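Residue numbers (the UniProt record's numbering): 1 to 252.
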């Protein structure tokens, strides 16, 4: 629900909001907002307090997959279609974890690829498509994210060669490059990156200028970036100044 997404995104930015503020911002009644907060609290998206709610997610911590999946669906779909326009049928593709990359997986419905997904969320989406040949990396599964981690997926990529790695991140900064919160995920991302001829980083605008704990790679190892950030965004301009091609979704 769009109103739920608005509440989550506002709390992630501001940390706290009152029922009255949310009612004014959304145009909903205070009773409706209270019901929304009850639902979102049941999903661990926030914590209700007297007169409003506070974010349940401290800074520097990756929000749970279920919460991220509720936010920005339309933007992620536009980014996914843009990524697909850059791929050629017959390619071998390593596909990263995260909600935006699941949108990329879902956009592959009518395409012909060999894909190694780094999460079960993407695997489930791809398994229904007749044109997709799945090659799974194996290994342990991280709860919630359902990403593959451990020695098995990292070693698997040492024996494979991909045309493209579609990379996701928790933040991308011109100086620090692409970063992620979970160090187990970072290890597998690096292995997939080293196995690919080119790397397409797909990142929503809120990831630009943000830095997480684990460094995936410097900008020099990224072929191009797909983002909905404005062309005059300072991070976009800085990446382009360092020779990184930036592609923006076109309006449908």
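For every residue, glycine included, the Cβ atom is placed at its ideal position computed from N, Cα and C. Since the structure is predicted, the reported quantities are computational estimates derived from the model, not experimental observations.
Problem set entry | Top-ranked residue by Cα proximity to residue 162, from 145, 197, 106 and 119 | For the purposes of this step, residue 162 is taken as residue 162 along the chain shown, with counting starting at 1. It is 197.
Exercise. What are the boundary residues of the beta strand (DSSP E) that includes residue 143?
Worked result: On the chain shown, position 143 is the one that residue 143 refers to. That residue, residue 143, is in no beta strand (DSSP E); it is neither H nor E in DSSP.
Exercise. The alpha helix (DSSP H) with residue 33 in it runs from where to where?
Worked result: As a working mapping, residue 33 is identified with position 33 in the chain shown. Here the alpha helix (DSSP H) through residue 33 covers 30 to 42.
Problem set entry | residue 12 burial status per 10 Å Cβ neighbour count (16 or more: buried) | One-based indexing of the chain shown puts residue 12 at position 12. Burial call: buried.
Exercise. What did DSSP end up calling residue 16 once you bin it into helix, strand or coil?
Worked result: Position 16 of the chain shown, counting from 1, holds the residue named residue 16. The answer is strand: DSSP assigns residue 16 an E or B state.
Problem set entry | Reduced DSSP secondary structure (H/G/I, E/B, other) of residue 240 | Against the chain shown, residue 240 aligns to sequence position 240. Reduced to three states, the DSSP call for residue 240 is helix.
Exercise. Candidates 10, 140 and 6: which alpha carbon is nearest residue 153's?
Worked result: Indexing the chain shown from 1 puts residue 153 at position 153. Among 10, 140 and 6, the Cα nearest to that of residue 153 is on 140.
Problem set entry | Cβ-Cβ separation, residue 202 to residue 83 (assumed contact under 8 Å), whole Å | Residue mapping note: residue 83 aligns to position 83 of the chain shown, counting from 1. Residue mapping note: residue 202 aligns to position 202 of the chain shown, counting from 1. 6 Å between Cβ atoms; contact.
Exercise. From residue 4 to residue 100, what distance separates their C-alpha atoms?
Worked result: Counting from one through the chain shown, the residue named residue 4 turns up at place 4. Counting from one through the chain shown, the residue named residue 100 turns up at place 100. Rounded to whole angstroms, residue 4 to residue 100 spans 18 Å at the Cα level.
Exercise. Is residue 88 buried or exposed, if buried means 16 or more other CB atoms sit within 10 Å of its CB?
Worked result: Taking the first residue of the chain shown as position 1, residue 88 is located at position 88. With fewer than 16 other Cβ atoms within 10 Å, it is exposed.
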